[in-house]
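A short write-up of the structure that comes next.
Now the structure itself:
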């Protein structure tokens, strides 16, 4: 992969609020200011709308952080998004996933620590990424474990992180360096 197609912006390109937000986010994560914010932040109006939407899914969604991270890591692995994998491996560990569970999610392997709900989430993620749809049978199975608002959120979470993986890959955004 070549260098960034759009370099992460500085204070002048992203403005003081995005720059400050990225600096704080980097400190919290133990990295340099995240390139995802400094790159997408070059389009300030779109950035704040995206950030609000993304925050409603994770961390502010109905799914547990552990469940959200299972989905996000699976999407990142399937879409080969080095940036998202680097970010969300750490976040998944903070959300309670063991290192072996994260490895299993990335490798499409089962893990004895996964609940029925979690296995359904991974199946739904795989089917959505492969077909952009769910079979009626899987939809019904999800209905046994998830309420309707959670099922909507699952669809939006998978779609959002697939879109983000595409944007980050196309923009050639490099993973953030640890501090």
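In our numbering, the protein residues as written are 9 to 187. Glycine included, each C-beta is placed from N, C-alpha and C at the ideal position.
Given residue 186 as reference, the closest of 91, 15 and 165 once Cα atoms are compared: Along the chain shown, read from residue 1 onward, the residue named residue 186 stands at position 178. Nearest of 91, 15 and 165 to residue 186, Cα basis: 91.
Length of the line joining the Cα atoms of residue 54 and residue 32: Sequence index remark: in the chain shown, residue 54 carries index 46 (1-based). Sequence index remark: in the chain shown, residue 32 carries index 24 (1-based). So the alpha carbons of these two residues sit roughly 20 angstroms apart.
Residue 136 beta carbon less than 8 angstroms from that of residue 113: Mapped onto the chain shown, residue 113 falls at position 105. Mapped onto the chain shown, residue 136 falls at position 128. No, the pair does not count as a contact, with Cβ atoms beyond the cut-off.
Which listed residue (86, 80 and 118) has its alpha carbon closest to that of residue 101: As a working note, residue 101 is residue 93 in the chain shown. Among 86, 80 and 118, the Cα nearest to that of residue 101 is on 80.
C-alpha gap between residue 57 and residue 174, whole angstroms: Here residue 57 refers to the residue found at position 49 of the chain shown. Here residue 174 refers to the residue found at position 166 of the chain shown. Cα to Cα, residue 57 sits roughly 18 angstroms from residue 174.
Residue 117 to residue 63 span [Cα, whole Å]: Locating residue 117 in the chain shown gives position 109, counting from the first residue. Locating residue 63 in the chain shown gives position 55, counting from the first residue. Distance between the alpha carbons of residue 117 and residue 63 is about 29 angstroms.
Minimum C-alpha distance to residue 110 - residue among 77, 161 and 48: As a working mapping, residue 110 is identified with position 102 in the chain shown. Of the candidates 77, 161 and 48, the one whose C-alpha sits nearest the C-alpha of residue 110 is 77.
Three-state class that DSSP yields for residue 67 in the structure shown: Translated into the one-based positions of the chain shown, residue 67 becomes position 59. Residue state, collapsed to three classes: coil.
Spatial distance of residue 52 from residue 120 (CA atoms): Start at 1 with the first residue of the chain shown, and residue 52 comes out as number 44. Start at 1 with the first residue of the chain shown, and residue 120 comes out as number 112. About 44 angstroms.
Cβ-based burial, residue 34 [other Cβ within 10 Å; buried from 16]: One-based indexing of the chain shown puts residue 34 at position 26. That one is buried.
Residue 22 versus residue 176 - alpha carbon distance: In the chain shown, residue 22 corresponds to position 14, counting from 1. In the chain shown, residue 176 corresponds to position 168, counting from 1. Taking the straight line joining both Cα atoms gives about 17 angstroms.
Range covered by the alpha helix (DSSP H) that runs through residue 134: Against the chain shown, residue 134 aligns to sequence position 126. From DSSP, the alpha helix (DSSP H) with residue 134 extends over 124 to 139.
DSSP state of residue 39 mapped onto helix, strand, coil: The residue given as residue 39 occupies position 31 in the chain shown. Strand at residue 39.
Contacting residues, own chain, Cβ-Cβ under 8 angstroms from residue 157 (five flanking each side not counted): Here residue 157 corresponds to residue number 149 of the chain shown, with the count starting at 1. Excluding residues within five positions, the ones whose Cβ falls inside 8 angstroms are 70.
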